[in-house]
Amino acid sequence: MNKADVNMPKDREGRSIPVLGFKKLGSQSFGVTTASARSVNALVIESDDAAVVSLYATADMFVNFGDNTVVATTNDHFLPANQYMDIKVGHTHIAAITESDTGKLYISERN
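Per this note's numbering, the sequence shown starts with residue 78, numbered consecutively.
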């Protein structure tokens, strides 16, 4: 058994279930409309040049990843409303846009 497995939750057969916790001070949110908006705070990129984030949108939207100048268009990755999506990103900022609605994008950094 891997030492890291000791503190992980177990399934019915005693196998570790790999899960990530929430990073302290690693949450943010922003309003999203038909004009591209982006996260204000940079994501913390770890030693493997990537971060894992959980995204939750209150409206259907499209997201894009990049630096502090990233913009989103309706041709970017679709994020459906009211579903969590865990994703590995190698960029510091997330931009989002809706086609016709308004909503909020919640970002939780994981570790």
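Glycine is no exception: its CB is placed at the ideal position from the N, C-alpha and C atoms. What you are looking at is a predicted structure, and each value in this text was computed from that prediction instead of being measured.
Expressed to the nearest angstrom, what Euclidean distance is found between the alpha-carbon atoms of residue i and residue j?
i	j	result
T169	Q160	22 Å
G108	A172	11 Å
T111	D144	20 Å
K87	K100	22 Å
N79	R92	Interpretation of N79 is limited by its pLDDT of 48, a score under 50 that renders its predicted location unreliable; no figure is taken from the coordinates.
Do residue j and residue i come within 8 Å of each other at the CB atom, strictly closer than that value?
i	j	result
V166	A127	yes
I164	L132	yes
N142	F155	In the sequence as presented, Asn is not what sits at residue 142; that position holds Phe. No, the Cβ-Cβ distance between F142 and F155 is not below 8 Å.
E186	G103	yes
S113	V148	yes
Thinking C-alpha only, which one of the options is nearest residue i?
i	options	result
A136	N152, Y183 and A158	A158
Since I believe residue j is in contact with residue i (beta carbons under 8 Å), could you give me their beta-carbon distance rounded to a whole number of angstroms?
i	j	result
V130	I184	6 Å
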